[in-house]
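Take a look at the structure set out below.
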Amino acid sequence: MKKVIALVLVGLAVASCTQTEKGAGIGAVSGAIIGGAVTGNVRGAAVGAAIGGVSGAVIGSVSEQPGQCYYRDRYGRRYIDRCPSGY
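Letter 72 of the sequence shown, counting from 1, is numbered 72 in UniProt numbering, and no numbers are missing.
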């Protein structure tokens, strides 16, 4: 029963977040899991969480901007620009 209540509270907390916050949270959790699994230590999990959180926040912030798309140039740099017409 305690687990069910905890899950409901977490679900309500996440539902009230903005897309940027949701993206950061999902990215941080995913990054921590992947970083911990790959390196096998806490430092790798922390680095993965930091990288995932920042990446998730960037992607989440784009979804809050209607008509804006997230792109990556040939050098790997990320930028936000207007979406193509009809997209």
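Yeah, the Cβ is synthetic: ideal placement off N, Cα and C, and Gly gets one too.
When the Cα atoms are used, residue 29 and residue 38 turn out to be separated by approximately 14 Å.
Around the beta carbon of residue 40, fewer than 16 other beta carbons lie within 10 angstroms, which makes this residue exposed.
Per DSSP, the beta-bridge partners of residue 81 are 69. Annotation: the continuous alpha helix (DSSP H) that includes residue 25 extends over 19-39. With 16 or more neighbouring CB atoms inside 10 Å of its own CB, residue 60 falls in the buried class.
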